[in-house]
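Okay, so here's the structure we're looking at.
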Amino acid sequence: MTEPHAMPDDETSATAEAVAAVEAPPSFTPARVGVIGAGYVGLVTGVCMAALGHQVTLRDIDARKVAALNDGQVPIYEPGLDDLMAEHAQRLTYTLSLERLLDRSDIVFIAVDTPPSYSGDADLSRVMGFVEELANLGPEARQILVMKSTVPVGTGRRVRQMLEARGLHGVGYVSNPEFLKEGDAIADFMNPDRVVIGASDPEHADRVAGLYEPLQAKILRTSVPTAEMVKYASNAFLATKISFINEIANVCEEVGADVAVVADGMGMDSRIGRAFLKAGIGFGGSCFPKDVTALKQLAGNSGYHFQLLTSVIEVNELQKRRVIGKLKKHLGDLRGARIALLGLAFKPGTDDMREAASLVLAGRLIAEGAQVVGWDPVVKSLDGVSGVQIAATAEQALQGADAAVVVTEWPEVSALEWTRLSGAMNRAVVIDGRNALDPELMAVAGYTYEGIGRLPGLGIGGEQDQG
Ligand code: UGA
């Protein structure tokens, strides 16, 4: 993880506004909350719970991370998190000790990693390890465990069986999936579309729902397996929307239509909605690729072939690679060509490189014999792909480049002085993998410009002129 960097003002104010809008009703009683795992989900959950007024104890097994947190340092990049953590420091405790956490908590969120295993199933060893640890501390535990990590449907049942087998009859279990987006996590937490609470014991569900009372959010109460499925189905549906619009974009390129306007037109239908219809070079990150594969795997393990998800994954893989074809169309053989990758993170507003399109692109370009120079306002290395040069500024990356690829739609990329920079490039070719730039302005500035599903000169203005 890279160091947090200064946050643009609009992001600060959006987060601050979301927090300020929260007001606890008079009936609200703060609770003693524990969080297992001070990773991305755990930290955001813990800090936001403290902001709601709860006493929060976060436990992690990484001594360096706990020491850093105790020093007031935030080990991840998430806009607004450092300020919120500092503001509510008196309600936040960080510890290595599970015993200490249990002494101080009645409701314990589990927020450990569930990475994909070689088979594509979610690896639950960290979740199960925690239950074992809890069992070793003795059968007196009376906490309610709340699953925040994304886990396959059926995990709740497995955990319940493990608890019973170890004599932990007094421990409750609730599924409460998270729907936070990296980069917007605090605003998403403070202003959720819904809070899903899956439990078999209604009193446990009430107590977990009580934690969220200040948010006055819509609460959906379900069984544990249904809550687990809501999470997977939501991520898989959003990923499907993205692969769908990406295929529409590819067809638009063939028939001379503009995908951005097509998406606007589709989005005007309230049954469809405009969100997640931004065509580009595919989805990445720690959630969609992992969760779509895990749901496909889960279906397969239960004897059902989830054909649609197989295509969603395949379309996403091919979408990243289509950029190579576009580069070859304009440059010919890529051997020796200098290609600038603008943006390395899987999306703007984060330093997360998991399943970032930049990794696949850089790997493919190097295999084609190209020289790759990357730049990102936050990410300062491209681990896992050797031979990539990292430039200190976007201008340096563009200097002498034969083409630039917009990989991440950071505002810093759109704000570049493109008119001036065309002269710095060896060949003024830009492949805009996120449709972040204006095709007409780029054409006027002298670029050979190609977006995704947007033909040069066919911006919104171009469409209207034709009409
Ligand atoms: C996603 C979900 O949006 C959250 O609701 C969920 O809680 C989270 O996964 C999770 O399971 O933890 P996140 O991975 O942070 O959140 O990022 P998104 O903003 O959803 O973007 C995911 C990817 O889709 C990015 O690579 C983004 O560039 C891409 N995307 C998104 C598109 O290509 N087009 C779009 O229209 C939207």
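Taking the numbering used here, I'd label the letters of the sequence shown as residues 326 to 792. From the three backbone atoms N, C-alpha and C, an ideal C-beta is built for every residue, glycine too.
In the DSSP assignment, V713 forms a beta bridge with V697. Following the DSSP letters along the chain, one finds E775 inside the beta strand (DSSP E) bounded by residues 773-775. Remark: the C-beta of L667 is outside contact range of the ligand UGA, defined as less than 7 Å to any heavy atom.
Taking the Cβ of I664 as the reference point, every heavy atom of the ligand UGA lies at 7 Å or farther away. The shortest C-alpha to C-alpha distance from L656 to any of K621, A695, D594, V637 is the one to A695. Look at P441 here: in three-state DSSP terms it is strand. Of the candidates A490, L505, A719, M515, M515 places its Cα closest to the Cα of A341. When the alpha-carbon of A717 is set against those of L659, S500, G699, C577, the nearest one is in G699. Taking C-alpha positions only, N461 is separated from S595 by approximately 52 Å. Nearest in C-alpha terms to G364, of all of Q380, L406, P355, S352, is L406. In this structure the segment 566-574 touches the segment 636-655; the number of beta carbon pairs closer than 8 Å is three or more.
Under DSSP, no beta-bridge partner is assigned to V399.
Per DSSP, reduced to three states, the secondary structure at Q541 is coil, with no helix or strand assignment. In the three-state reduction of the DSSP assignment, Y365 falls in the helix class, which pools H, G and I. Note: D757 is bridge-paired with V731 in the DSSP secondary-structure output. Taking 8 Å as the cut-off, the Cβ atoms of V730 and L666 count as close. Annotation for S636: S568 place their beta carbon closer than 8 Å to its own, counting only its chain and skipping 5 residues before and after. A contact is defined here as three or more CB-CB pairs under 8 Å, and the segment 480-499 meets this definition with respect to the segment 517-527. The residues G523, in chain order, have a CB closer than 8 Å to that of T551 in the same chain once the five nearest residues on each side in sequence are set aside.
Close CB contacts of D387 within its chain, under the 7 Å cut and outside five residues either way in sequence, are absent. By the beta-carbon neighbour count (other beta carbons within 10 angstroms, threshold 16), A619 is buried.
Straight through space, the alpha carbons of A376 and A542 are spaced by roughly 16 Å. For T340, the Cβ stays outside the 7 Å cut-off from all heavy atoms of the ligand UGA. Linking H630 to F562 through their CA atoms gives a straight-line distance of about 16 Å. The straight-line gap separating the alpha-carbon atoms of M472 and Y402 is approximately 23 Å.
Taking each of T418, A345, A346, G492 in turn and checking the Cα distance to G362, the smallest one comes out for T418.
Assigned with DSSP and collapsed to three states, V520 falls in strand. Relative to C577, the option among G598, R389, G605 whose CA is nearest is G605. Rounded to whole angstroms, the gap between the alpha carbons of I691 and V697 is 7 Å. Annotation for Y498: the continuous beta strand (DSSP E) segment containing it runs 497-500. Excluding its 5 nearest sequence neighbours in each direction, G712 has C-beta neighbours in its own chain below 6 Å: I691, listed in chain order. Residues I573, C577 of the same chain have their beta carbon placed closer than 7 Å to that of V587, with the five preceding and five following residues left out of the count. In the same chain as E737, and ignoring 5 residues on each side of it, the C-beta atoms closer than 8 Å to its own belong to P702, A719, in chain order.
In the three-state DSSP reduction, Y629 falls in the coil class, being neither helix nor strand. In terms of Cβ geometry, P539 and V347 form a close pair [threshold 8 Å].
When the beta-carbon positions are compared, A662 and T733 stay at least 8 Å from each other.
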